[in-house]
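*Asks:* Just dropping this structure here.
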Amino acid sequence: MKFSQLVTLTLTLVAAFVRADSDEHANTNTESTIQVPLVAFKPTTISGVFIEQFVTPKSKGSVWIPSEAKKVVDGIEDDELLKFRGAWSIEEASVLPSIKSDLGLVVKTPAAHHAISAAFPSPFDTKDSSFVAQYEVKLQNGLECGGAYIKLLTYDPSFTPAAFSDKSPYTIMFGPDRCGSTNKVHFIFRHKNPKTGVIEEKHLNSPVTAKIDKLTNVYTLVVRPDNSFDVLINDESVKSGSLLEDFTPAVNPPKGM
Numbered sequence: 018m019k020f021s022q023l024v025t026l027t028l029t030l031v032a033a034f035v036r037a038d039s040d041e042h043a044n045t046n047t048e049s050t051i052q053v054p055l056v057a058f059k060p061t062t063i064s065g066v067f068i069e070q071f072v073t074p075k076s077k078g079s080v081w082i083p084s085e086a087k088k089v090v091d092g093i094e095d096d097e098l099l100k101f102r103g104a105w106s107i108e109e110a111s112v113l114p115s116i117k118s119d120l121g122l123v124v125k126t127p128a129a130h131h132a133i134s135a136a137f138p139s140p141f142d143t144k145d146s147s148f149v150a151q152y153e154v155k156l157q158n159g160l161e162c163g164g165a166y167i168k169l170l171t172y173d174p175s176f177t178p179a180a181f182s183d184k185s186p187y188t189i190m191f192g193p194d195r196c197g198s199t200n201k202v203h204f205i206f207r208h209k210n211p212k213t214g215v216i217e218e219k220h221l222n223s224p225v226t227a228k229i230d231k232l233t234n235v236y237t238l239v240v241r242p243d244n245s246f247d248v249l250i251n252d253e254s255v256k257s258g259s260l261l262e263d264f265t266p267a268v269n270p271p272k273g274m
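Per my numbering, the sequence shown starts with residue 18, numbered consecutively.
Put into structure tokens, the structure is as follows:
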């Protein structure tokens, strides 16, 4: 199986980020606090189809485009109501910073839906090669009910990042999501049945638990040409298996009698 024609990376925050009243990792005893110098930020030398380290705050608005999709009321778009009204900023961490001048995308509006996307330089597919998606999540103000996952959109020559909505077709959805007793790392892919042409979402069975703390956590998805996959958190494999066997509904239906 190959994931074909991936074109856009979209970060979708689907619910509220709620400020925590206290920093669970901070030591409130000032007498025992140790001041540690921040490590200097150094851009990576790794190459890839799309790499973003937010070297400049100007990335927002030029590379990263917030969604301007409108809410639909009674089947009609309301020009005055944004579906994703949450604001974004590119800035340093405000809680437990560890690297000087290390910038990232930050959601700025409490209790609001957020969505922002960046287009790849050109469409690509994963035929005969491994695919790796990796990004960092820092829930510096806590997370009670919301998602911090990414979507890799299916190629559409007419798509514009500002038009992104929850209806935009995607190929892969990956990343943490928490609300109430639900806490998991999504891995969902959309698969087109070669016989019927029907496109169906395939959800990972027994997804792993997301890291809900105020530290920086690295989420990695690896998909290989042999249909095997790995989900890693902080470089540790937490889930592995087969695209053909470990998803619901199954890619290969059960054989009939």
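Backbone N, C-alpha and C fix where the C-beta goes; we use that ideal spot for every residue, glycine too. These numbers were taken from a predicted model, which means no experiment stands behind them.
Say whether the segment 199-206 touches the segment 115-123, bearing in mind that this needs 3 or more beta-carbon pairs closer than 8 Å, one atom from each stretch.
*Replies:* Touching, no.
*Asks:* Ignore the nearest five residues each way along the sequence and tell me which others in Ser257's own chain have a CB closer than 6 Å to its CB.
*Replies:* The sequence position of residue 257 within the sequence shown is 240, counting from 1. Taken in chain order, the residues that qualify are Asp247.
*Asks:* Alpha carbon to alpha carbon, how far is Asp142 from Val225?
*Replies:* Taking the sequence shown and counting its residues from 1, one reaches residue 142 at position 125. Taking the sequence shown and counting its residues from 1, one reaches residue 225 at position 208. So the alpha carbons of these two residues sit roughly 27 Å apart.
*Asks:* Check Lys219 in the structure and name its three-state DSSP category.
*Replies:* As a first step, residue 219 is located in the sequence shown; it is residue number 202 there, counting from the start. Correct three-state label for Lys219: strand.
*Asks:* Pro178: which of Ser84, Asp119, Leu160, Phe148 sits nearest, CA to CA?
*Replies:* In the sequence shown, the residue the question calls residue 178 occupies position 161. The option with the nearest alpha carbon to Pro178 is Ser84.
*Asks:* Below 8 Å on the Cβ atoms is my guess for Ala165 versus Val149; work out the distance and round it to an integer in Å.
*Replies:* Working through the sequence shown from its first residue, we reach residue 165 at position 148. Working through the sequence shown from its first residue, we reach residue 149 at position 132. The pair is not a contact, with the Cβ atoms about 19 Å apart (cut-off 8 Å).
*Asks:* Rounded to the nearest angstrom, how far is the Cβ of Arg102 from that of Ala129, given a contact under 8 Å?
*Replies:* Within the sequence shown, residue 102 is the residue found at index 85, counting from 1. Within the sequence shown, residue 129 is the residue found at index 112, counting from 1. Right, their Cβ atoms sit about 5 Å apart.
*Asks:* On the criterion of 16 or more Cβ atoms from any shown chain inside 10 Å, does Gly192 qualify as buried, or is it exposed?
*Replies:* The residue labelled residue 192 in the question sits at position 175 within the sequence shown. So Gly192 ends up on the buried side.
*Asks:* Candidates Phe264, Thr233, Glu253, Val255: which alpha carbon is nearest Asn244's?
*Replies:* Here residue 244 refers to the residue found at position 227 when the sequence shown is read from its first residue. The candidate whose alpha carbon is nearest that of Asn244 is Phe264.
*Asks:* Out of Arg241, Asn251, Pro271, Leu249, which one is the CA nearest neighbour of Leu260?
*Replies:* Here residue 260 refers to the residue found at position 243 of the sequence shown. Nearest of Arg241, Asn251, Pro271, Leu249 to Leu260, Cα basis: Arg241.
*Asks:* Ordered along the chain, which non-local residues of its own chain (more than five positions away) have a Cβ less than 8 Å from that of Phe71?
*Replies:* Taking the first residue of the sequence shown as position 1, residue 71 is located at position 54. Only Ile107, Leu120, Gly121, Leu122 meet the Cβ criterion.
*Asks:* Let me check one thing: in DSSP terms, what residues is Gln151 bridge-paired to?
*Replies:* By one-based count along the sequence shown, residue 151 stands at place 134. For Gln151, which the question treats as bridged, DSSP gives the partners Thr237.
*Asks:* Run through DSSP, which three-state label would Ser257 get?
*Replies:* The residue you call residue 257 lines up with position 240 of the sequence shown. Ser257: strand per DSSP, three-state reduction.
*Asks:* Once DSSP output is grouped into helix, strand and coil, what is the label at Pro74?
*Replies:* By 1-based counting over the sequence shown, the position of residue 74 is 57. It is helical.
*Asks:* Which one of Gly159, Ser175, Leu249 has the shortest CA to CA distance from Val124?
*Replies:* Along the sequence shown, read from residue 1 onward, the residue named residue 124 stands at position 107. Taking only the C-alpha atoms, the option nearest Val124 is Gly159.
*Asks:* Specify the secondary structure class of Ala180 as computed by DSSP and reduced to three states.
*Replies:* Along the sequence shown, read from residue 1 onward, the residue named residue 180 stands at position 163. Three-state result, Ala180: helix.
*Asks:* Taking Cβ positions, are Lys168 and Tyr187 nearer each other than 9 Å?
*Replies:* Residue mapping note: residue 168 aligns to position 151 of the sequence shown, counting from 1. Residue mapping note: residue 187 aligns to position 170 of the sequence shown, counting from 1. The answer is yes: Cβ separation under 9 Å.
*Asks:* Suppose the cutoff is 6 Å on Cβ atoms and the five residues either side in sequence are ignored; what does the same chain contact list for Ile189 look like?
*Replies:* For the purposes of this step, residue 189 is identified with residue 172 of the sequence shown, where counting begins at 1. Once the five neighbours on either side are set aside, the close Cβ partners of Ile189 are Leu169, Phe206.
*Asks:* Run through DSSP, which three-state label would Ile63 get?
*Replies:* Taking the sequence shown and counting its residues from 1, one reaches residue 63 at position 46. Coil at Ile63, not helix or strand.
*Asks:* Look at the alpha carbon of Lys5 and the alpha carbon of Leu98, and state the distance between them as a whole number of angstroms.
*Replies:* Nothing in the structure corresponds to residue 5, since the chain is present only between 18 and 274.
*Asks:* By Cβ distance, which residues of its chain are closer than 7 Å to Gly65, with the 5 residues on each side in sequence left out?
*Replies:* Position 48 of the sequence shown, counting from 1, holds the residue named residue 65. There are no such residues.
*Asks:* Check whether the Cβ atoms of Thr233 and Leu249 sit closer than 9 Å, and answer yes or no.
*Replies:* Locating residue 233 in the sequence shown gives position 216, where the first residue counts as 1. Locating residue 249 in the sequence shown gives position 232, where the first residue counts as 1. Cβ distance not < 9 Å, so Thr233 and Leu249 don't count as in contact.
*Asks:* Compute the Euclidean distance between the alpha carbons of Cys162 and Pro74, then round it to the nearest angstrom.
*Replies:* Mapped onto the sequence shown, residue 162 falls at position 145. Mapped onto the sequence shown, residue 74 falls at position 57. Distance between the alpha carbons of Cys162 and Pro74 is about 28 Å.
*Asks:* Can you say whether Leu156 is buried or exposed, counting buried as having 16 or more other CB atoms within 10 angstroms of its CB?
*Replies:* If you number the sequence shown from 1, residue 156 lands on position 139. Counting Cβ neighbours within 10 Å, Leu156 comes out buried, since at least 16 surround it.
*Asks:* What does DSSP give as the partner residue(s) for Val202 in the beta ladder?
*Replies:* Walking along the sequence shown from the start, residue 202 turns up at place 185. DSSP output for Val202 lists Pro193 as bridge partner(s).
*Asks:* In terms of residue numbering, what span does the beta strand (DSSP E) encompassing Glu108 cover?
*Replies:* Here residue 108 is taken as the residue at index 91 of the sequence shown, counted from 1. Segment 105-109, the beta strand (DSSP E) holding Glu108.
*Asks:* For the candidate residues Trp81, Gln151, Phe176, Thr126, whose alpha-carbon lies nearest to that of Asn251?
*Replies:* Locating residue 251 in the sequence shown gives position 234, where the first residue counts as 1. Here the closest residue by C-alpha is Gln151.
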